[in-house]
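Asks: In order, the protein sequences belong to chains P and W. Take the first sequence: its position 364, counted from the start at 1, is 364 in full-length UniProt numbering, and no numbers get skipped. Take the second sequence: its position 100, counted from the start at 1, is 100 in full-length UniProt numbering, and no numbers get skipped. This is the structure I have questions about; it appears just below.
There are 2 protein chains.
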Amino acid sequence: MTVDARELQRVLDGRWADVRADVRAQLGTLALNPDPGLSTEEYRELTTANLRLLAESRRPHLGFDPAYGGGGDVGGVVTAFAALGYGDLSLLVKAGVQWGLFGGAVQVLGTSRHHDKHLRAIMDGELLGCFAMTETGHGSDVQHLRTTATYDPAAQEFEIHTPDAGARKDYIGNAARDGRMAVVFAQLITGGTSHGVHALLVPIRAEDGTPMPGVTIGDCGRKAGLNGVDNGRLSFDHVRVPRENLLNHFADVAEDGTYSSPIESSSRRFFTMLGTLVRGRISVAGGAGTATQKALALAIRYGATRRQFADPSTGEEVVVLDYLVHQRKLLPALATTYALHFAQGDLVSDMHDLQSFGEEQASGTDAEELQRDLETRAAGIKAVATWHATATIQTCREACGGAGYLAENLLPQLKADTDVFTTFEGDNTVLLQLVAKTLLSDYARRIGKLDLAGKARFAADLVAGSVAERTGLRAVLRRGDVRDRSYQRWLLVEREEHLLAAAARRMRRALSPGADQFAVFNGAQDHLLVAARAHVDRIVFDAFAAAVDRVDSPAVRGLLDQVRGLHALSVIEADRAFFVEHGYLTPGRAKAATQAVNALCGTLRPHARTLVTAFGIPEAWIDCPLLDGERNPEAPATDPTPSHEEPTDLAAVG
Amino acid sequence: MTVDARELQRVLDGRWADVRADVRAQLGTLALNPDPGLSTEEYRELTTANLRLLAESRRPHLGFDPAYGGGGDVGGVVTAFAALGYGDLSLLVKAGVQWGLFGGAVQVLGTSRHHDKHLRAIMDGELLGCFAMTETGHGSDVQHLRTTATYDPAAQEFEIHTPDAGARKDYIGNAARDGRMAVVFAQLITGGTSHGVHALLVPIRAEDGTPMPGVTIGDCGRKAGLNGVDNGRLSFDHVRVPRENLLNHFADVAEDGTYSSPIESSSRRFFTMLGTLVRGRISVAGGAGTATQKALALAIRYGATRRQFADPSTGEEVVVLDYLVHQRKLLPALATTYALHFAQGDLVSDMHDLQSFGEEQASGTDAEELQRDLETRAAGIKAVATWHATATIQTCREACGGAGYLAENLLPQLKADTDVFTTFEGDNTVLLQLVAKTLLSDYARRIGKLDLAGKARFAADLVAGSVAERTGLRAVLRRGDVRDRSYQRWLLVEREEHLLAAAARRMRRALSPGADQFAVFNGAQDHLLVAARAHVDRIVFDAFAAAVDRVDSPAVRGLLDQVRGLHALSVIEADRAFFVEHGYLTPGRAKAATQAVNALCGTLRPHARTLVTAFGIPEAWIDCPLLDGERNPEAPATDPTPSHEEPTDLAAVG
């Protein structure tokens, strides 16, 4: 059954197919693979120039409030942003800093006084800015940033100050060269009281580029990748800004210094402010996805033409993608890339519906619930997608051997540029911990709502589960076929529930009188992360399954379901120790998972080229010498001489 | 029990402690962390200049025949070479190309006519050369290279020719800029008969640097890393060299074109020639080791000073290396780095004893057996050590967050430079396959030697094993403690034997009449690689255990044995699915392995700094802003305000 790559592409393109088509048409002809020999300064210059071209395309405007000339299409802008990952990741990140982080913060944390003054210049790329959150001493722990913004009612100004070296703003994009203004996150102090972290607009450079008085700007210099982005450091020595520079959507300070906020709890206020910035994380996951797709397209297309070693029977050299181990390196990774693509699509779609401008939105508890779910999913998928990108791009590089190490073949840049994705916009480990915490809270709430009889039943279930585990009963009861979608889902759901229940039991010990809370938490930390990972795996599984079900064409649906199966089985195979240890799989069925992965690799091998073509990567952005073999397919090399390898004397066995 | 890092360093330094001390004294004061902003040309120039400084140090001479002014210390030179991995990997690789590959080939494949003429100039760095083996179309499959060397008896010359684009020599170090001569591997043809791959000396550039007539030289350009090395491409258009340029230690062509060789089988001859080059693989494994050590030293020293998030009880910020998950990222990797260090030490030592000049050496079958074992071990350890380097350096980068992404903190260069180690000097997948093939041959021979009764017993054992597996008898019979060294070894040995026996059974099917040999092999390919990996794991385990036993000081031995245990348990934990599936571990004991890894992480945490100090990395080569926290330890940050995180309502559970 042959599947047309264009049909499959329509499925992958999904809700924002029109935006994707526009981006391909608009940018696909640009040369966005910069010369890898550019100096840092040259690359920064080029990236800034490309940023201005992007602004001229008015694509970034898509994400802003229509009242200010924006397009009001949050999902569209995030989709367009991710597509830059097929081209130049420095440009993607620079655009993300300018419009996603800096512009996004002004949009959602600010009010009309900021919007009126700055939004249009930000959209047009006339006012370039920074998102100055991270400090040298505090990256993940944003709540404990040390920069201060102290209100002076006499002058009606805030004084921004860096109290020590650790409070220096660090790794800030747009800071080293281009930024004129920064959204600075600082502890807001008024009347001697600290109200926690808030954001303020602080001019950092004059028009001519010289630093503003009291502002010290450093340069982070060369990085592993993303060298088109000018990351820098900012320190403030009692720098004064007007009271109005506080981005006051969630809290304000009156002229006399009185603090007010519609959100009473300082903790809830902090998390609400941060929550509005979820778009950054979702965008990073999207960029990781497109970069991974590009790497796989390169490695699979190369693997489908490269030949090495002769088939002993025919003497003909074998195409490397016909080797099982080569398939195992690339095809499960490809299947997972598909799975994450659909999970990401759902995430973007839900964010769009939640954040759209001017439309009727869910409000109150419902909206909070939805926002909370979105943030948790964004954290989880960002972590899983970026780790997947790092591992897959690495594998792709290795699958292309020496050719994959040459800059001309694009893989080195992809690897170097995406490397930081696992630790920026939230360190992955910290993000998964966040997911675990939310899951635990939800779990506790679920149990809390049970009446006494329900709790007793629940406790009995736990005991029964544990007995089933000991006796291998679970596996006996569930004689499913690992290739069945429903059985796969059962496994993933059971794992998630099992890990969560066990984690909850462990964490309860932290509440015993005299317990060392940190020790209890720390002892269970690896367990918590595994539970979070299991949760994300299940969500991704469901997203892929739903995507398959939406497909009309039986041929496309059939192929896609095989890809889905390969993804699911490779997840199960990777953690089969868990399933066997806890009685969810018999050893025999665990081995069957491995065999099924191998079999599906063989089944999907003939479709590998189609599966990567369907990503719709503009050919101009992927063209490189690695793909010469496609254009100039040599006749299969046949070697008339027999293989010189000494045959292994297998006849002697047994 | 406190252990002095210097005592531990003596253990790690091992047999070539004096060479290590010399290298530290001689090079430790040089600044060998080049500015990451260097252009390709600047970096190449610097590397060539450093290469000349190395030659002046006369350290490279160590590896050559004393009859020509060499030091005759093969083990010493490989040890010294690896130590460059603490500094600049471009220099390490450039030195490896010049003295290991080019000089090594002239030494071992050539005879006195080549030695007299070139060895001194090679040692002194006056004659820079290339090792031109790999072609664009054939990397791993060296036997099927297509460059030809056709003998012309009339002129008494060889004609070197590149018949097609795929036969171009590619990725050749020293080719793009510096090399004057190349050892070219080509199919030797005389009297119309091909005798397989042989090596010849071919001048590629005149003194003034212009290419020799008929030689086309290309430049591989920018690479992911190692940009101080000038990799290039060589094509030959009927280039003529004198008959004497054949490196004729293993085969010669007489004036009249008669071919002769002391080794009759062309296959054995080929593998004998290649076998002499085992030093390259061992050196790469060594370089991977030192680079890994440096990355771990950076990440662990940073992790031991960096603080993030407050302990809820004390309000004091927690040192990140105190988090279990941070320990899990770094400490098992550190333990495996120790394990590989000792396995590498054994390898270097055995190679030294086998290859030493002028000493009485084992000969005949024994020598062949030893050489074969050395090659197999070198292949296996090179694969495992370089994959370990890639994964560990990646983890270290991530463990340092944004700081780890900055070039000034050295980790990006380490990652980029070592990345190609997994695919050069033998692609790791191909190398493990080689190991598997040798293991299968040995296995077949072992079984072949059994008499009829022995074979019957063997078959019965296999059946019994299979029954034990089904009934879980193995696990019941072996009620060991996973923390016991003898139990750990039993597990690793059983796994190796089990996988090998099963692989042999599968491969036997290839011999059935009408079997598709490629299909049978390919279907078992993943199994073969796992078997090879299990073999290497067992060898590495044994090397570490033997190293622990050699230590006199009880304190050092005790600490080292805990590191050994962490390594062994992390190997067992990573493959616990296998052990449970095949009845070697009960599910309960598999979980115990995980618990034991966690416990050992805690036990070793206080020694982490000592364990990396003992590598003896010159401080000048590791000094970077990442380590500022050590020099300027801030008082632990205490946060007077209570944590703002909403507590998880755990009380509601159950």
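Glycine included, each C-beta is placed from N, C-alpha and C at the ideal position. Please read these numbers as outputs of a predicted model, since none were measured by experiment.
When you compare each of P:Arg483, P:Ala614, P:Thr305, P:Val597 to W:Asp526 by their alpha carbons, which one comes out closest?
Replies: The option with the nearest alpha carbon to W:Asp526 is P:Val597.
Asks: Within this structure, are the beta carbons of W:Phe236 and W:Thr190 separated by less than 8 Å?
Replies: For W:Phe236 and W:Thr190, no; Cβs fall outside 8 Å.
Asks: Between which two residues does the alpha helix (DSSP H) containing P:Thr79 stretch?
Replies: Element bounds for P:Thr79: 74–83.
Asks: In chain order, what residues of the same chain lie with their CB nearer than 7 Å to the CB of W:Thr292, ignoring the 5 residues before and after it?
Replies: The residues are Thr337, His388, Ala389, Thr392, Ile393.
Asks: Look at residue 668 of chain P and P:Leu406 and say whether their C-beta atoms are less than 8 Å apart.
Replies: With chain P running from 1 to 654 in the structure shown, residue 668 of chain P is simply not present.
Asks: Assuming the contact rule is C-beta atoms closer than 8 Å, W:His114 and W:Asp65 should be a hit. Round their C-beta distance to whole Å, please.
Replies: That belief does not hold up - the Cβ atoms of W:His114 and W:Asp65 are roughly 12 Å apart, past 8 Å.
Asks: Going along chain P in order, which residues have a C-beta closer than 9 Å to the C-beta of W:Leu529?
Replies: The contacting residues are Val325.
Asks: Under a Cβ-count criterion, where at least 16 other Cβ atoms within 10 Å of its own Cβ denotes burial, should P:Pro60 be classed as buried or exposed?
Replies: Buried.
Asks: Name the chain P residues whose beta carbon is nearer than 7 Å to that of W:Gln525?
Replies: Tyr323, Leu324, Val325, listed in chain order.
Asks: Is W:Val520 close to chain P? Criterion is C-beta to C-beta, closer than 8 Å.
Replies: Taking Cβ atoms only, chain P never reaches closer than 8 Å to W:Val520, which makes this a no.
Asks: Can you find at least 3 beta carbon pairs, one from the region 395–411 of chain W and one from the region 493–505 of chain W, that sit closer than 8 Å?
Replies: Segments in contact, no.
Asks: Cα separation between W:Arg538 and W:Arg489?
Replies: If you take the alpha carbons of W:Arg538 and W:Arg489, they lie about 8 Å apart.
Asks: Please return the same chain residues whose Cβ sits closer than 8 Å to the Cβ of P:Asn409, not counting the five positions on each side in sequence.
Replies: Here the set comprises Leu298, Cys400, Ala403, Cys624, Pro625, Leu626.
Asks: Rounded to a whole number of angstroms, what is the C-alpha to C-alpha distance between W:Gly303 and W:Thr276?
Replies: Computed Cα separation, rounded: 43 Å.
Asks: Classify W:Gly14: buried if its beta carbon has 16 or more other beta carbons within 10 angstroms, exposed otherwise.
Replies: Result: buried.
Asks: Can you tell me which of W:Thr2, W:Trp99, W:Lys329, W:Leu440 puts its alpha carbon nearest to the alpha carbon of residue 655 of chain W?
Replies: Lying before the first or after the last residue shown, residue 655 of chain W is absent from chain W, which here runs from 1 to 654.
Asks: Does W:Phe236 come out as helix, strand or coil in the three-state DSSP assignment?
Replies: Of the three classes helix, strand and coil, the one that applies to W:Phe236 here is strand, per DSSP.
Asks: Counting Cβ pairs, one atom from each stretch, are 3 or more of them under 8 Å apart for the region 365–378 of chain W and the region 345–352 of chain W?
Replies: Enough Cβ pairs lie closer than 8 Å, so yes.
Asks: Between W:Pro66 and chain P, is any beta-carbon pair separated by less than 8 Å?
Replies: With 8 Å as the cut-off, W:Pro66 does not count as an interface residue toward chain P.
Asks: Where W:Lys94 and P:Val536 are concerned, what is the direct C-alpha to C-alpha distance, given to the nearest angstrom?
Replies: The straight-line gap from Cα to Cα measures roughly 45 Å.
Asks: Looking at the C-beta of W:Gly405, does it have a partner C-beta in chain P at a distance below 8 Å?
Replies: According to the sequence displayed, residue 405 of chain W carries Tyr and not Gly. True, the Cβ-Cβ gap to chain P drops below 8 Å.
Asks: Assign P:Gly69 to buried or exposed, taking buried as 16 or more other Cβ atoms, counted over all protein chains shown, within 10 Å of its Cβ.
Replies: So P:Gly69 counts as exposed.
Asks: Any idea which residues DSSP pairs P:Asp152 with across the strands?
Replies: In DSSP, P:Asp152 forms a bridge with P:Glu157.
Asks: I believe P:Arg564 touches P:Val548 by the beta-carbon criterion, under 8 Å. Please report the beta-carbon distance rounded to the nearest angstrom.
Replies: With 8 Å as the limit, P:Arg564 and P:Val548 qualify as a contact, their Cβ atoms being about 5 Å apart.
Asks: Do W:Val284 and W:Ile160 have their beta-carbon atoms positioned less than 8 Å apart in this structure?
Replies: No, the pair does not count as a contact, with Cβ atoms beyond the cut-off.
Asks: Can you name the residues that DSSP bridges to P:His198?
Replies: Partner(s): P:Ala186.
Asks: Taking the beta carbon of P:Asp170 as the centre, do at least 16 other beta carbons fall within 10 Å, making it buried, or is it exposed?
Replies: By the neighbour-count rule (16 or more Cβ atoms within 10 Å), P:Asp170 is buried.
Asks: Which bits of chain W does P:Pro36 rub up against, with CB to CB less than 8 Å?
Replies: The contacting residues are Gly221, Arg222.
Asks: What would DSSP say about residue 656 of chain P, mapped onto helix, strand or coil?
Replies: It is not possible to answer for residue 656 of chain P, since the shown part of chain P is limited to 1 through 654.
Asks: Of all Cβ atoms in chain W, is any one closer than 8 Å to the Cβ of P:Ser112?
Replies: No, P:Ser112 does not count as interfacial toward chain W.
Asks: Assuming the contact rule is C-beta atoms closer than 8 Å, P:Ala175 and P:Leu234 should be a hit. Round their C-beta distance to whole Å, please.
Replies: Correct: roughly 6 Å between the Cβ atoms.
Asks: Under 8 Å, Cβ to Cβ, is there at least one residue of chain P near W:Arg489?
Replies: It does not; no Cβ of chain P falls within 8 Å.
Asks: In the DSSP assignment, find the unbroken alpha helix (DSSP H) run with P:Tyr338 in it and report its ends.
Replies: Its alpha helix (DSSP H) spans residues 324–355.
Asks: Since I believe P:Arg589 is in contact with P:Val482 (beta carbons under 8 Å), could you give me their beta-carbon distance rounded to a whole number of angstroms?
Replies: That belief holds up - the Cβ atoms of P:Val482 and P:Arg589 are roughly 6 Å apart, short of 8 Å.
Asks: Distance, Cα to Cα, P:Asp18 vs P:Gln26?
Replies: So the alpha carbons of these two residues sit roughly 12 Å apart.
Asks: Taking the alpha carbon of P:Pro211 as the point to measure from, which residue in P:Pro262, P:Asn227, P:Met181 has its own alpha carbon closest?
Replies: Among P:Pro262, P:Asn227, P:Met181, the Cα nearest to that of P:Pro211 belongs to P:Met181.
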